[in-house]
Ligand SMILES: Cc1ncc(C[n+]2csc(CCOP(=O)(O)OP(=O)(O)O)c2C)c(N)n1
Ligand SMILES: [Mg+2]
């Protein structure tokens with residue numbers, strides 16, 4: 447095993463107690479959303495694919511909170527529910543999309559991998575591995591022509607580094623000096639294949655070298671580390687209009703998708719090791735030590751979130767299916 | 094005969110051919126240690142090892158090209174697309190290399206490889222726009238390829254074995270909706286030719302012409318029509334390039350009517366080609382215009398009602414068949 451979770455959690459990244467509590471709330475909301483979503487899948491409310499973000503929360507929380515959504519944009523891959531929540535999409539509308547309802551973020555036409563919210567500057571999940579990388583380069587190129595130094599953030603997995611479009615996009619982004627941040631969420635597996643078995647170099651950050659793009663690795667379990675990195679990197683990008691590459695080291699708790707029980711390719715020992723550095727637990731421990739919240743308050747918060755989400759699930763369940771006439775709408779303008 | 098699912102039938106074909114010919118190697122994503130997401134390669138990694146069952150990174154364009162390279166060196170690669178949708182990444186290798194090297198080299202090189210994978214909206218529902226497409230026509234359009242799509246488990250085994258033995262590059266399109274469905278499969282070492290369509294159900298009033306997953310719809314429609322006193326013949330066009338029109342022409346000579354059925358988008362698709370050939374070669378046998386039932390021309394939608402509406406419907410086949418009889 448080349449990539450080990452790194453031990454302690456760094457400072458507080460200059461976050462106030464209120465901001466820290468907010469981030470804990472966000473992470474809990476993602477974790478509980480995915481739990482409920484998977485239950486809804488098992489209950490037959492969701493069909494097709496379901497890729498859980500549980501375990502990876504600190505990556506999205508760090509990189510998305512530091513964005514300025516009045517000007518910046520996000521391009522995502524299919525593991526997109528957590529990012530949607532962080533960008534402020536209404537969980538009820540996300541559930542409605544997962545249930546294939548008319549009130550869903552994509553009118554029920556897209557499903558789990560195809561959430562979109564132009565209002566929240568979220569330009570989509572994408573079902574094709576690496577599909578968003580060149581799109582994000584184009585988004586960055588468009589943003590470069592706008593005032594205010596906006597940037598684009600693009601998320602994808604370790605598996606996407608194996609696609610040609612990753613290397614072509616890095617070259618283009620550097621050649622044309624495009625302000626797009628490429629965030630590789632390295633959760634150690636591309637479906638059932640470990641990084642060492644799909645990548646010629648297991649330090650993925652090394653594979654982004656050679657394009658004249660700044661790169662770094664960040665501890666994706668540590669919300670302070672992702673927050674600090676995001677703030678520093680965005681400042682650099684706004685100043686220089688340059689791309690940037692980040693490898694965030696983290697772990698997905700569930701299988702690749704809901705049908706994958708992750709039984710035959712990873713060990714319980716490895717899972718336990720990552721659970722022992724759970725991003726939510728790490729932040730919670732900090733909040734307790736700093737006497738910002740008590741364990742009981744955190745548990746109350748979690749239960750309050752669950753209750754809120756459950757109410758949204760119930761409302762989304764009541765929403766109607768799209769009108770049959772929707773079938774042929776939206777194919778062309 | 095033995096009842097097997099489509100993926101088990103395909104698995105048998107691969108296993109038998111790998112035993113028969115050590116030049117046969119498999120490449121694809123998650124096909125080895127993980128046993129294949131649609132189970133077609135299940136157990137083969139354990140049996141044949143990593144030199145013959147090669148797990149690839151998500152590099153469709155390049156591992157298809159690797160297949161071409163292996164093939165021109167005399168190997169017999171079978172390249173899996175986890176879903177046929179992902180072959181879009183590999184189209185340059187398919188169109189410009191796999192399909193053309195024989196011709197461009199004046200016949201001095203051949204590319205005996207198979208590119209295979211599931212297409213269309215299944216086995217499970219909710220695959221959505223980028224995972225459940227029926228892209229048959231993209232391959233069937235290209236000279237230099239053989240393109241086949243079995244409609245049942247028996248043919249799947251025999252045709253995959255024939256594809257592996259063929260000296261030509263073969264695109265082998267597995268009907269996704271049938272992946273987990275069971276049917277009779279021969280237990281012996283048999284081949285089904287790559288250039289012959291087949292009548293799957295005899296009838297005398299109207300010909301229902303399909304390929305791949307749409308043949309099952311035609312068979313269902315034929316059963317429904319029988320209740321209404323209409324005798325429908327079902328023709329399986331399983332060999333799309335070269336396209337074998339023989340059984341369809343013979344059928345129309347008998348019935349004088351035809352409905353062409355496919356999951357694909359209608360415009361410019363394989364069905365359009367079949368209809369054009371019928372017009373050219375069976376015009377004087379036709380008593381009614383040839384009609385078509387196809388998938389709706391929209392990206393595969395997610396919502397259950399829209400997804401269902403987007404697929405070709407048995408009721409429409411029945412209605413169209415009756416319309417040709419009026
Ligand atoms: C071009 C393409 N090839 C294959 C797939 C099937 N597929 C979907 S996700 C995946 C694994 C990707 O893993 P990674 O990029 O590490 O992201 P993670 O799922 O770990 O978030 C594969 C092989 C696909 N969607 N697109
Ligand atoms: Mg991964």
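Chains as they are written, first to last, in my numbering: chain A, 447 to 779; chain B, 94 to 419.
From the three backbone atoms N, C-alpha and C, an ideal C-beta is built for every residue, glycine too.
Please check if any C-beta of chain B sits within less than 8 Å of the C-beta of residue i.
i                      : result
residue 778 of chain A : no
residue 448 of chain A : Reliability fails at residue 448 of chain A, whose pLDDT of 43 lies under 50, so the model's placement of it is uncertain and the value that follows must be treated cautiously. Not one chain B Cβ lies under 8 Å of residue 448 of chain A.
residue 822 of chain A : Residue 822 of chain A lies beyond the residue range present for chain A, which begins at 447 and ends at 779; the question has no answer from this structure.
residue 451 of chain A : Per-residue confidence for residue 451 of chain A stands at a pLDDT of 47, beneath the threshold of 50, marking its modelled position as unreliable; no derived number is given.
residue 549 of chain A : no
residue 645 of chain A : yes
residue 535 of chain A : no
residue 650 of chain A : no
residue 701 of chain A : no
residue 608 of chain A : yes
residue 579 of chain A : no
residue 733 of chain A : no
residue 605 of chain A : yes
residue 618 of chain A : no
residue 454 of chain A : In this predicted model, residue 454 of chain A has a pLDDT of only 49, less than 50, meaning its place in the structure is not dependable enough to derive any value.
residue 709 of chain A : no
residue 774 of chain A : yes
Heavy atom of ligand 4 less than 7 Å from the Cβ of residue i, yes or no?
i                      : result
residue 603 of chain A : The ligand content of the structure shown is limited to ligand 1 and ligand 2, which means ligand 4 is not among them.
Can you find a C-beta in chain A that's less than 8 Å from the C-beta of residue i?
i                      : result
residue 402 of chain B : yes
residue 399 of chain B : yes
residue 250 of chain B : no
residue 187 of chain B : no
residue 374 of chain B : no
residue 152 of chain B : yes
residue 96 of chain B  : no
residue 305 of chain B : no
residue 409 of chain B : no
residue 272 of chain B : no
residue 226 of chain B : no
residue 207 of chain B : no
residue 129 of chain B : no
residue 126 of chain B : yes
residue 159 of chain B : no
residue 395 of chain B : yes
residue 222 of chain B : yes
residue 216 of chain B : no
residue 148 of chain B : yes
Pop quiz: residue i and residue j are said to be a contact at Cβ under 8 Å. What is the actual Cβ separation, rounded to whole angstroms?
i                      : j                      : result
residue 331 of chain B : residue 248 of chain B : 6 Å
residue 220 of chain B : residue 550 of chain A : With 8 Å as the limit, residue 220 of chain B and residue 550 of chain A do not qualify as a contact, their Cβ atoms being about 17 Å apart.
residue 561 of chain A : residue 526 of chain A : 5 Å
residue 205 of chain B : residue 260 of chain B : 5 Å
residue 515 of chain A : residue 566 of chain A : 7 Å
residue 522 of chain A : residue 612 of chain A : Rounded, the Cβ-Cβ distance is 15 Å, inconsistent with contact.
residue 615 of chain A : residue 583 of chain A : 5 Å
query: For the 8 Å Cβ check, are there 3 or more pairs between the segment 534 to 541 of chain A and the segment 570 to 589 of chain A?
result: no
message: Closer than 8 Å is the cut-off here; do at least three beta carbon pairs connect the segment 385 to 395 of chain B with the segment 352 to 371 of chain B?
response: yes
message: Would the segment 290 to 298 of chain B count as touching the segment 314 to 329 of chain B if we require 3 or more Cβ pairs under 8 Å?
response: yes
field: Contact the segment 363 to 378 of chain B vs the segment 210 to 219 of chain B: 3+ CB pairs below 8 Å
entry: no
query: When the Cβ atoms of the segment 117 to 131 of chain B are set against those of the segment 633 to 645 of chain A, are three or more pairs found closer than 8 Å?
result: yes
message: To be precise: take each residue of the segment 473 to 495 of chain A, compare its Cβ to all Cβ atoms of chain B, and keep it if any distance is under 9 Å. Which residues remain?
response: 492, 493, 494 and 495
message: Count Cβ pairs between the segment 523 to 538 of chain A and the segment 728 to 739 of chain A that sit closer than 8 Å; are there 3 or more?
response: no
message: I'd like to know if the segment 155 to 165 of chain B and the segment 99 to 115 of chain B are in contact, where contact means that at least 3 CB-CB pairs between them fall below 8 Å.
response: no
task: Pull out every residue of the segment 546 to 574 of chain A whose Cβ sits closer than 9 Å to any Cβ of chain B, in chain order.
output: 546, 547, 548, 550, 552, 553, 554, 555, 556, 557, 558, 559, 560, 572, 573 and 574
task: Assess, as a yes-or-no matter, whether the segment 232 to 243 of chain B is touched by the segment 259 to 276 of chain B under the definition of 3 or more beta carbon pairs within less than 8 Å.
output: yes
task: Mind the definition here: the segment 216 to 230 of chain B touches the segment 182 to 195 of chain B only if three or more C-beta pairs lie below 8 Å; say whether that holds.
output: no
query: On the three-pair Cβ rule with 8 Å, is the segment 467 to 481 of chain A touching the segment 682 to 696 of chain A?
result: no
- prompt: What residues from the segment 623 to 638 of chain A come within 7 Å of chain B, judged by C-beta to C-beta, listed N to C?
  reply: 636, 637 and 638
The segment 700 to 711 of chain A touching the segment 751 to 764 of chain A, judged by at least three CB pairs closer than 8 Å: no
Touching by the beta-carbon criterion (3+ pairs, under 8 Å), the segment 713 to 721 of chain A and the segment 137 to 148 of chain B: no
- prompt: Do the segment 176 to 190 of chain B and the segment 273 to 283 of chain B meet, that is, are 3 or more Cβ pairs less than 8 Å apart?
  reply: no
query: Between the segment 652 to 660 of chain A and the segment 551 to 560 of chain A, do three or more beta carbon pairs fall short of 8 Å?
result: no
query: Which residues, in chain order, does the segment 105 to 123 of chain B contribute to contact with chain A at a C-beta distance below 8 Å?
result: 122 and 123
query: Given 8 Å as the limit, is there contact between the segment 492 to 512 of chain A and the segment 665 to 685 of chain A, that is, 3 or more CB pairs closer than that?
result: yes
task: Name, going along the chain, the residues of the segment 376 to 395 of chain B whose beta-carbon falls closer than 8 Å to a beta-carbon of chain A.
output: 389, 390, 391, 392, 394 and 395
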